[in-house]
């Protein structure tokens with residue numbers, strides 16, 4: 002593995018973790034900074050193209066309940082397609098105040114702009130959820 | 002830490018994640034490609050030496066139920082013994098459609114062949130399981 | 002990202018994982034070796050300054066029950082402040098023999114002494130716990 006690839010993979014891993022930390026704390030501006038201008042965010046309730054649409058999704062997802070959300074992301078597989086393009090797959094678990102709520106898979110396309118790696122496309126799919134939990138209730142309302 | 006060690010550690014971490022992604026999707030050929038020819042795979046039900054024996058274990062482990070298995074692997078400790086040999090320890094959690102099913106510890110010996118890192122030995126031990134879950138039922142039949 | 006930063010981040014990630022592996026196995030001397038002499042460890046029950054105080058915390062935390070503790074740490078965000086100083090944030094889940102017990106957030110300051118990265122400050126905060134679990138019972142006695 003070449004040095005540039007090691008650095009690229011480290012930057013991608015950092016981007017993935019930062020997304021979760023910003024998201025769990027409702028820091029939407031920092032979250033949006035992680036996306037390319039024309040990025041696409043796909044979730045189980047729809048496809049959002051471009052930063053304005055992604056911003057709207059984040060703002061609309063604000064929910065006074067639960068107070069504390071934690072995304073545990075692991076099993077990160079990264080493939081460097083070029084020195085400015087990579088794909089990544091990873092798993093996430095979401096814990097609320099009650100424990101495990103739902104879990105799923107991220108599939109990402111990452112691009113490097115100058116020194117910065119950004120999401121070009123993020124697909125977040127729920128693989129399972131606790132019956133009666135937060136996600137189960139929201140998904141019933143198509144809000145996840 | 003030298004550059005070669007950083008690259009080696011990154012390759013080892015990639016190998017560990019790839020094993021889980023291939024395994025969760027039943028991609029046995031890709032999974033086998035991650036092992037050295039004379040590799041050993043140790044699980045709670047036995048020791049499997051060489052790729053043919055490991056292949057047999059994977060094929061025999063196919064189970065129509067549950068549909069979705071997800072291995073969340075984290076807390077990865079890697080020790081580079083030489084520039085072509087490393088050991089790793091990590092924890093895994095397995096979620097089925099019902100949530101957490103079982104969890105355990107991987108202990109690995111990794112070797113580099115040319116540019117590729119492979120499992121020389123993988124030991125997967127279950128540390129706990131949910132009573133009445135998938136693993137608990139299989140382990141009762143010695144199939145895990 | 003420069004080569005030194007990639008190496009620093011790898012060393013920090015290693016330090017975080019090693020802490021959990023040593024802790025889960027009760028290897029307190031190895032655990033203490035991960036801290037700087039004047040390090041601070043902050044938990045929900047108090048602040049411990051210097052290695053002797055940290056050692057006392059570890060020894061006092063020994064509990065015959067549960068037998069098996071596993072810390073699953075993921076979503077690691079690392080910021081290199083200088084070539085000998087970094088901060089990190091990560092999430093941990095603790096599983097006992099009964100499954101998920103409690104979970105929380107680490108906030109760390111890491112320093113490099115020569116070739117070795119050490120904890121200068123670690124703050125471990127519990128974000129949630131399973132009612133009636135091990136942490137819930139200990140925290141009731143202010144022992145966590």
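Chains as they are written, first to last, in our numbering: chain A, 2 to 145; chain B, 2 to 145; chain C, 2 to 145.
For glycine and all other residues, C-beta sits at the position ideal for the given N, C-alpha and C.
In this text, all values refer to a predicted model and were calculated from it rather than measured experimentally.
Identity of the residue in the options nearest residue i by Cα
| i | options | result |
| --- | --- | --- |
| residue 135(C) | 70(C), 118(C), 53(C) and 84(C) | 70(C) |
| residue 16(C) | 139(C), 109(C), 132(C) and 66(C) | 109(C) |
| residue 68(B) | 25(B), 6(B) and 20(B) | 25(B) |
| residue 88(A) | 140(A), 10(A), 133(A) and 137(A) | 10(A) |
| residue 112(B) | 85(B), 92(B), 132(B) and 137(B) | 85(B) |
| residue 52(B) | 90(B), 32(B) and 103(B) | 32(B) |
| residue 91(A) | 133(B), 74(B) and 105(B) | 74(B) |
| residue 149(A) | 76(A), 65(A), 50(A) and 4(A) | Examination of residue 149(A) is not possible in this model, given that chain A is present from 2 through 145 alone. |
| residue 46(A) | 130(A), 131(A), 126(A) and 132(A) | 126(A) |
| residue 104(B) | 128(B), 114(B) and 115(B) | 128(B) |
| residue 57(C) | 30(C), 115(C) and 131(C) | 30(C) |
| residue 22(B) | 130(A), 106(A), 132(A) and 7(A) | 106(A) |
| residue 34(C) | 102(C), 55(C) and 3(C) | 55(C) |
| residue 27(B) | 138(B), 48(B) and 66(B) | 66(B) |
| residue 20(B) | 139(B), 72(B), 140(B) and 131(B) | 72(B) |
| residue 2(A) | 114(B), 131(B) and 99(B) | 114(B) |
| residue 132(C) | 130(A), 140(A) and 100(A) | 100(A) |
For residue i, the three-state DSSP class (helix, strand or coil)
| i | result |
| --- | --- |
| residue 70(B) | coil |
| residue 90(C) | strand |
| residue 131(A) | coil |
| residue 83(A) | strand |
| residue 18(A) | helix |
| residue 102(C) | strand |
| residue 60(C) | helix |
| residue 47(B) | strand |
Residue i - partner residues in DSSP beta bridges
| i | result |
| --- | --- |
| residue 123(B) | 42(B) and 109(B) |
| residue 75(C) | 92(C) |
| residue 118(B) | 113(B) |
| residue 29(B) | Partner(s): none; residue 29(B) has no beta bridge. |
Where residue i meets chain A, residues with beta-carbon distance less than 9 Å
| i | result |
| --- | --- |
| residue 4(B) | 4 and 7 |
Contact list for residue i against chain C, beta-carbon separation under 7 Å
| i | result |
| --- | --- |
| residue 72(A) | 76 |
Interface partners of residue i on chain F, CB under 8 Å
| i | result |
| --- | --- |
| residue 131(C) | In the structure shown, chain F cannot be found, because the protein chains are A, B and C. |
Partner residues on chain B for residue i, Cβ-Cβ distance less than 9 Å
| i | result |
| --- | --- |
| residue 108(C) | Neighbours of residue 108(C) on chain B: none; closest Cβ ~18 Å, over 9 Å. |
| residue 104(A) | 71, 73, 96 and 100 |
Proximal chain A residues relative to residue i, where beta-carbon distance stays under 7 Å
| i | result |
| --- | --- |
| residue 18(B) | 76, 77 and 78 |
Within chain B, partners of residue i - CB distance below 8 Å
| i | result |
| --- | --- |
| residue 10(A) | 11 and 15 |
Residues that residue i contacts on chain B, provided the C-beta gap is smaller than 7 Å
| i | result |
| --- | --- |
| residue 22(C) | 76, 78 and 90 |
Beta-carbon neighbours of residue i, restricted to chain C and to distances below 9 Å
| i | result |
| --- | --- |
| residue 128(B) | 69, 71, 96 and 98 |
inquiry  = Across the region 40–54 of chain B and the region 113–122 of chain B, are there enough close Cβ pairs to call them in contact, namely three or more that are closer than 8 Å?
reply    = Taking 8 Å as the limit for Cβ pairs, the verdict is that the region 113–122 of chain B does touch the region 40–54 of chain B.
key: the region 53–63 of chain B contacting the region 80–98 of chain C, beta-carbon criterion three pairs below 8 Å   = no
ask   = Is it true that the region 112–119 of chain B meets the region 4–14 of chain C, where meeting means three or more beta-carbon pairs spaced less than 8 Å apart?
value = No: the two stretches stay apart, fewer than three of their Cβ pairs being nearer than 8 Å.
query = Quick check: the region 19–39 of chain B against the region 93–100 of chain A, are there 3 or more CB pairs under 8 Å?
reply = no
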